[in-house]
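Last residue of the sequence shown: number 529 in the working numbering, and the count goes up by one each step with no gaps. Positions of the beta carbon are idealized from the N, C-alpha and C atoms, including for glycine. Inspection log for the structure reproduced underneath, given as structure tokens.
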Amino acid sequence: MEIMERQIHAMQAQLSAMKKEHAEEIKRARAVLAHQREEAENNPYGTRAGMIGQNGKGSWAVAQPTLAPARTAGTPYGEITGTPAAHSSLYGPLRRGQIQVGGVRITLGGFAEAAGIWRSRNTGSDISTGYNAIPWGNNPTYNMTEFRQTERQSRLAALVEGMISPKLEADGYVETDFQGAGSASNSRQSNSYVLRARVFYGELKDRADDLQILGGQNWSLITLYNKGLSARDEQVPLTIEAQYVPGFNWTRNSQLRVVKGFDNSRYHVALSVENPSSVPAGTPLQSNVTYRVTGTNVNNPDTWYATDIAPDVIAKVAADPGWGHYELTGILRFFHDRVSTNGAGQNQTTVAGGGGGGMILPIIDKKLYFQASGLAGVGLGRYGTSNIPDYTFSPTGAPKALPAANLLLGIYGNPTKALKLYGYAGAERVTSREAFTSGGKGYGYGSPLANMSGCNTELATACAASSNVRTVAQATAGFWYDYLKGDYGTVRIGAQYSYTYVDSFSGVGGRPHTDDNMVMMSLRYMPFN
1 MEIMERQIHA
11 MQAQLSAMKK
21 EHAEEIKRAR
31 AVLAHQREEA
41 ENNPYGTRAG
51 MIGQNGKGSW
61 AVAQPTLAPA
71 RTAGTPYGEI
81 TGTPAAHSSL
91 YGPLRRGQIQ
101 VGGVRITLGG
111 FAEAAGIWRS
121 RNTGSDISTG
131 YNAIPWGNNP
141 TYNMTEFRQT
151 ERQSRLAALV
161 EGMISPKLEA
171 DGYVETDFQG
181 AGSASNSRQS
191 NSYVLRARVF
201 YGELKDRADD
211 LQILGGQNWS
221 LITLYNKGLS
231 ARDEQVPLTI
241 EAQYVPGFNW
251 TRNSQLRVVK
261 GFDNSRYHVA
271 LSVENPSSVP
281 AGTPLQSNVT
291 YRVTGTNVNN
301 PDTWYATDIA
311 PDVIAKVAAD
321 PGWGHYELTG
331 ILRFFHDRVS
341 TNGAGQNQTT
351 VAGGGGGGMI
361 LPIIDKKLYF
371 QASGLAGVGL
381 GRYGTSNIPD
391 YTFSPTGAPK
401 ALPAANLLLG
411 IYGNPTKALK
421 LYGYAGAERV
431 TSREAFTSGG
441 KGYGYGSPLA
451 NMSGCNTELA
461 TACAASSNVR
471 TVAQATAGFW
481 YDYLKGDYGT
491 VRIGAQYSYT
501 YVDSFSGVGG
511 RPHTDDNMVM
521 MSLRYMPFN
């Protein structure tokens, strides 16, 4: 009996120890689960504790992160707009803001913006300033300031990628905002501004031959690039202003582009055939000159379309030798009209174009950068952000390309990880008059007979400055600050000041000029970056 009692007491002691150990095990498991819930709430994409198993000390192992950090395009502009990366890896881990559907990977991007705008002259513009709408002194709005709030630059973006073979990649990219205006759009009650396609293209990338073929709407090849010549690597100014800076060369339009890389992508050559849309100025001497048509069917019936007969052709060479990025660009354009007489007529074509280049220099690596770009030639107004005209008319009514030049200088950098500063100075100019006299009247562009006598008198009608603009120049500076940044995205604050100067060719009464001071504020939320 005594032996049995000792065995029972031993078993009871052992059972008590097992109960105690089990209670401690449950306590540890509950602690891990509590920590796991806390991590899921506070850091859903980071490292999480998991009930994988015990090690020799009875603690719990830790699981690896479920998603890799998000990536944006490797450009300053891509960072502030949430643009998906230009050089992604479809064999790498799934990243934040990405969805995998079979063999196709979808990357989301974009931002929501609340912006405020103040201008010293009332241009009637939203977030994209009409530089050609800055009023002259004869207009009452010259003496009126302007304030607006807007969300219309808010952007939605999606990149869809897949591998056709281990070396051949296909992708499609769409980028939209709300800067379109329909017939019912207004700012009085519910604005109803419409969604528009900023960028929408498909692309094939042959990694084995370093070859890219792009078709659809994208930034023009004439745009300065940050590195190489890949789509979504464009070096767009960092401004809140959605019309960017005078001197910046760009369009976004339909194109077919081929890019070939050499020497491990240190050098690239590219050719792009792009949708033309020339901008005329002045009134032809002849009364029956056809140089534009009204939109029909799915084209806008409230505007006109140029009578171009061939696409704009742009060629570019880019080099990334190890320090800096360098480009040389050439462009060829074709302007076309028809002079009609009773029962007959004659088509007339003018070939225009020019060239330029650009560079980006890392003054202090990852801290301070300098950029410069420019373009010179004839008939290049469309490719400047101010939209000065491309051509006027000769005495025969044929298109006469306007000589023009533009230049943009910029400096930007990151003094801290959360703060980005920038400053730009740029100008666009029609470099000489293209005018003639007939019957005592001035024709063409920049005529010295143009009446400028009333440009500084309110309500005067004698002011031809807006149709004879010579120079648009601007200096601007601003910052972007990451107020919050984490697994739920980034909240970014920005501010910008700019001074814009516009003058015209001299005429009867002098050479008038106008200007505008602008202040813009932005609050952006980027949910996927």
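Check your understanding: What are the residues that DSSP puts in a beta bridge with Gln-346?
Key -> Val-339
Review point. Would you report the Cα separation of Thr-431 and Ile-106, rounded to the nearest angstrom?
Key: 47 Å
Exercise for review: Could you spell out the range, first to last residue, of the beta strand (DSSP E) harbouring Thr-81?
Suggested key: No beta strand (DSSP E) holds Thr-81; the alpha helix (DSSP H) holding it covers 76–81.
Check your understanding: So who's on the other strand from Thr-392, going by DSSP bridges?
Key -> Lys-400
Check your understanding: Going by beta carbon distance, what residues of the same chain come within less than 7 Å of Arg-188, once the five residues before and after it are set aside?
Key -> none
Review point. If you scan the segment 202–277 from start to end, which runs of the beta strand (DSSP E) of 3 or more residues do you find wholly inside it?
Key: 211–219, 252–262, 267–274
Point to revise | Reduced DSSP category for Gln-64 - H, G, I as helix; E, B as strand; rest coil | key: Legend: pLDDT at Gln-64 = 46, less than 50; position of this residue unreliable, no value from coordinates given.
**Study point:** Val-293 versus Gly-355: straight-line alpha-carbon distance, rounded
**Key:** 29 Å
Check your understanding: Hey, would you say the C-beta of Val-508 is under 7 Å away from at least one heavy atom of the ligand COA?
Key -> The ligand COA is not part of this structure, which contains no ligands at all.
Review point. Does DSSP put Arg-148 in a helix, in a strand, or in coil?
Key: strand
Exercise for review: Return the chain-ordered ranges of every beta strand (DSSP E) run that is complete within the segment 466–512 and spans a minimum of 3 residues.
Suggested key: 469–486, 489–504
Point to revise | Backbone CA spacing between Gln-255 and Glu-274 [nearest angstrom] | key: 4 Å
Practice item. Report yes if the CB atom of Gly-324 is closer than 8 Å to the CB atom of Ile-360, and no otherwise. Key: yes
Exercise for review: Out of Pro-448, Tyr-445, Ala-465, point me to the one whose CA is closest to Gly-454's CA.
Suggested key: Ala-465
Check your understanding: Leu-168 lies in the beta strand (DSSP E); which residues open and close that run?
Key -> 168–180
Check your understanding: Leu-168 and Asp-206: beta carbons closer than 8 Å?
Key -> yes
Review point. Taking buried to mean at least 16 other C-beta atoms within 10 Å of its own C-beta, is Lys-420 buried or exposed?
Key: buried
Exercise for review: Enumerate in chain order the residues of its own chain whose CB-to-CB distance from Leu-214 is below 7 Å, with the five nearest sequence positions on each side excluded.
Suggested key: Tyr-201, Glu-203, Ala-231, Arg-257
Exercise for review: Give a yes or no on contact between the segment 458–476 and the segment 492–507, applying the rule of three or more CB pairs nearer than 8 Å.
Suggested key: yes
**Study point:** Contact belief for Gly-410 with Tyr-391 at Cβ below 8 Å, rounded distance in angstroms
**Key:** No, Gly-410 and Tyr-391 are not in contact; Cβ-Cβ is about 29 Å, not under 8 Å.
Review point. In or out: Gln-179 buried (at least 16 other Cβ within 10 Å) or exposed?
Key: buried
Review point. Can you tell me whether Arg-429 is buried or exposed, with buried defined as 16 or more other CB within 10 angstroms of its CB?
Key: buried
Check your understanding: For Ala-270, which option in Pro-311, Ser-278, Gly-261, Ser-277 has the closest C-alpha, if you only look at C-alpha atoms?
Key -> Gly-261
**Study point:** Nearest residue (CA-CA) to Ser-120, options Ile-134, Gly-110, Ile-493, Leu-108
**Key:** Ile-134
Review point. Quick one: Cα of Arg-152 to Cα of Pro-395, how far?
Key: 44 Å
Review point. Once you ignore the five residues that flank Val-104 on each side, which residues in its own chain have a CB closer than 8 Å to its CB?
Key: Val-160, Glu-161, Gly-162
Practice item. Report back the beta-carbon spacing between Cys-463 and Trp-136 to the nearest angstrom; my notes put them in contact at under 8 Å. Key: 6 Å
Review point. In three-state DSSP terms, what is Gly-574?
Key: Here the chain has residues from 1 to 529 only, and residue 574 is not among them.
Practice item. Go ahead and pull the three-state DSSP assignment for Ile-309. Key: coil
Check your understanding: Between the beta-carbon of Tyr-433 and the beta-carbon of Ala-112, is there less than 8 Å?
Key -> What sits at residue 433 in the sequence shown is Arg, not Tyr. Not closer than 8 Å, so no.
Practice item. Could you check how far apart the C-beta atoms of Thr-83 and Ala-170 are, in whole angstroms? I think they sit under 8 Å. Key: The pair is not a contact, with the Cβ atoms about 19 Å apart (cut-off 8 Å).
Review point. Who are Leu-108's beta bridge partners in DSSP?
Key: Ala-158
Exercise for review: Kindly indicate which three-state DSSP category Asn-55 falls into: helix, strand or coil?
Suggested key: Residue confidence is low: Asn-55 scores 42 on pLDDT, short of 50, so the model does not pin down where it sits. Its coordinate-derived value is still stated next. Coil, per DSSP.
Review point. DSSP three-state call for Met-518: helix, strand or coil?
Key: strand
**Study point:** Beta-ladder partner(s) of Trp-304, from DSSP
**Key:** Thr-294
Exercise for review: Kindly indicate the opening and closing residues of the beta strand (DSSP E) around Arg-429.
Suggested key: 419–430
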